[in-house]
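Chains as they are written, first to last, in the working numbering: chain A, 1 to 279; chain B, 1001 to 1259.
Written below as structure tokens is the structure these notes are about.
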Amino acid sequence: MKRFRSYLLIAPTAALIFLFIVLPYVTVLIMSFRAPADGQPYGEGFSLGGYAQFFGQAYYAWSLPQTILLGMATTLICLVLGYPIALHIATASRKWRGLLYGIVLSPLLIGIVVRSYGWTILLGNSGVINATLRNLGVIDRPLPLMYNNFGVILALAHVFLPFMVLPLLSALQSMDPAIAQAARSLGARRFTIFRRVTFPVSMPGVQAGCILVFVLAISSYVTPALVGGMRVKTTTLLVVDALIDQFQWPFGSAMALVLAVSAGLIVLIFARLTRMKWT
Amino acid sequence: MQIATPVLALFRVCIYAFLLAPIVVVVLASFNAGNFLTFPPQGLSLRWFWTFLQNDVFLDAIAYSAILAAASTAVSLVIGTMAALYFVRHAGREAETVRVGVLLPLILPEILTAIALLFFFYEIGIGTEHKIALFTGHVLMTLPFVFLNVTTSLQGRDDSVELAARTLGASRYTAFRRITLPLIAPGLATGAVFAFIISFDTFGVSFILKGTGSAPLPIQLYDYLRFNFTPEAAAVSTVSILLTLVLVTAADLLFGRKA
């Protein structure tokens, strides 16, 4: 009886997740094998047409490796920018820590549309950066900062940097500062301490952060759409295009699943290469 | 090593600037007096805020987003708190499964979840016209944030106080209402603020499930930005940033010290 009553606490959430996460994802899987049709979302019976359409047309098939590279570049930039920040916050005094933490978290509280819009103001042809450089006489023609991979990767790195810093920070904060002090008193140089002590200890944070940023980056829609101006075609943009604008549900679902499975495989390879411990 | 330290410090300052730059730029652009987003600005003015205040489309969108956020926050606050109570006190060996399950909406790509919901609501014959799909999506997106905050709050306390109340004759409900609830109030408040902001700002589920008719603010802003370049969008964004700041500050003043 007591056991049953405690189940009532989790029942609404369990029902919600099962009905509106598990079942819908199964629906996507089934949808990807339905027959394509003209004039309606899908036709009678089942086929592999959606998958054939994706792999058969270079325009669609090539978006996959491009999207994955875009995600990897974003992840790498986030790691390079996020690590010094996480290290800084972890070792900062109590007074500073709150403020720095706030700066890192602040982008999360601002909507993704507004943040991407901010980047278009910065990177546009008559945007802040180009206008400043032109007024200073450094350039004659605006630099191509937007509507290309460069701009999209930069904006994505900004949007997802907090997701890299947070896991890094929690890993670094679990480290006992005495270890680094011991290494130092035994004569290790600072870089050696970083390479042999700090970085290995923070490895779970690096792994979690990289996986999180990679998955978020390849599945993001607004940032590539606004900053890329529809000229950078990620698979996610093509998926939404196929589903919402062209009403091709089996094709869109097949594309989404190919992207999801590829992302899953890359995460597994990454985990194996970095000897990740799953907990 | 002596040279490396100032270089590293400069690098760090650049990263903090990188984090804040796009937000600062949006706020500054909203005070631009010109017809287009030019830099340097052609004088300062509040004209775009005035334009925005006379634009029903954006005002409706803000009201719509606020109602949607309040409703989905209310639902996820109740069921998220129940789930957190179960997770901390009763889950036992299934704890990890429960945690991953509740956090699924946060772990899975939002746009894919939205697409899955779209299909599902069409398959069961409801579609997106009744806003039930949109509302469900928002509850899913906000639930993990309530769960995470309340869980942290619950884990910080031991439940011996509630047990003491029960021993002294309080009913299960009274003990919860008079003892546990006040203790975890800061966690509930933070969770609610997070949930509200997430719902107010989220894009994926709103974009895919909005149906026809009025749309939440991020969607309206996105549609506007695709074809317009006036600083009005910056004024709208600034107001949205301001609303967030007010909410976060209010929660911090009310509950921050106790949390």
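We put the CB at the ideal spot given by N, CA and C, even for glycine.
Computed from a predicted model, the values in this text were never measured in an experiment.
Counted within 10 angstroms of its Cβ, other Cβ atoms place E1110/B as buried (16 or more) or exposed: So E1110/B counts as buried.
Contact with chain B by V114/A, beta-carbon distance below 8 angstroms: With 8 angstroms as the cut-off, V114/A counts as an interface residue toward chain B.
In chain order, each alpha helix (DSSP H) run of at least 4 residues that lies wholly inside the segment 221 to 276 of chain A: Complete alpha helix (DSSP H) runs here, min 4: 222 to 227, 235 to 240 and 249 to 273.
Per-residue burial, M230/A [other beta carbons within 10 Å of its own, 16 or more giving buried]: exposed
Any C-beta of chain A under 8 angstroms from that of D1201/B: yes
Simplified DSSP assignment, three categories, for F1036/B: coil
Residue span of the alpha helix (DSSP H) that contains L1182/B, given as start and end: In the sequence as displayed, the identity of residue 1182/B is Pro instead of Leu. Note, P1182/B: alpha helix (DSSP H), L1181 to D1201.
Local Cβ density within 10 Å of L1077/B, reported as buried at 16 or more and exposed below that: buried
Expected contact under 8 angstroms - CB spacing of D1201/B and I112/A to nearest Å: 7 angstroms
Per DSSP, the bridge partner or partners of F46/A: R34/A
Residues within the segment 227 to 257 of chain A neighbouring chain B, beta-carbon criterion of under 8 angstroms: T236, V239, V240, L243, I244, W249, G252, S253 and A256
C-beta atoms of V165/A and A263/A nearer than 8 angstroms: no
Environment of Q1002/B [buried if 16+ CB atoms lie within 10 Å]: Its pLDDT being 45, under 50, Q1002/B is placed unreliably by the model, and the measurement read from it follows with that caveat. Q1002/B comes out exposed.
Given G1211/B as reference, the closest of S1160/B, T1128/B, A1235/B and T1249/B once Cα atoms are compared: T1128/B
Test: I179/A CB closer than 8 angstroms to a CB of chain B: no
Check whether Q53/A and F247/A have beta carbons under 8 angstroms apart: no
Beta-carbon neighbours of L23/A, restricted to chain B and to distances below 7 angstroms: Those are F1120, listed as they occur along chain B.
Classification of V222/A by the beta-carbon crowding that lies within 10 angstroms, buried from 16 upward: buried
Three-state class that DSSP yields for L1168/B in the structure shown: coil
Where the alpha helix (DSSP H) containing P204/A begins and where it ends: M203 to I218
Coarse secondary structure for L1044/B, derived from DSSP in three states: L1044/B: strand per DSSP, three-state reduction.
Cutoff 8 angstroms: M1141/B Cβ touching any chain A Cβ: no
N1055/B: first and last residue of the uninterrupted alpha helix (DSSP H) it sits in: Neither: N1055/B is in no alpha helix (DSSP H) and is coded neither H nor E.
Burial state of L1253/B, where buried means 16 or more other Cβ atoms lie within 10 Å: exposed
I211/A versus A225/A: straight-line alpha-carbon distance, rounded: Distance between the alpha carbons of I211/A and A225/A: 22 angstroms.
Proximal residues to A1235/B (C-beta, below 8 angstroms), its chain only, five neighbours per side dropped: S1030, W1048, F1049, T1051 and F1052
Proximity test, Cβ basis, 8 angstroms: L133/A and chain B: no
Spatial distance of G1156/B from F1147/B (CA atoms): 14 angstroms
Alpha-carbon to alpha-carbon, L123/A and L1019/B: Cα-Cα distance, rounded: 15 angstroms.
Min CB distance F20/A to chain B below 8 angstroms: Yes, its Cβ sits closer than 8 angstroms to a Cβ of chain B.
Contact list for the segment 26 to 41 of chain A against chain B, Cβ threshold 7 angstroms: T27, V28 and M31
CB of F1196/B within 8 angstroms of CB of A1070/B, strictly: Yes; because the gap between Cβ atoms is below 8 angstroms, this pair is in contact.
Where S1214/B falls: helix, strand or coil (DSSP): coil
Within 8 angstroms, strictly: CB atoms of S1237/B and V1026/B: yes
Buried versus exposed, by CB contacts within 10 Å (16 or more), K1258/B: For K1258/B, the predicted structure reports a pLDDT of 46, less than 50, and the residue's modelled location is therefore unreliable. A value from the coordinates is still provided. K1258/B is exposed by the Cβ-count criterion.
Neighbourhood of S1199/B by C-beta distance below 7 angstroms, restricted to the same chain and skipping five residues each side: L1068, A1069, S1072, T1073, H1138, M1141 and T1142
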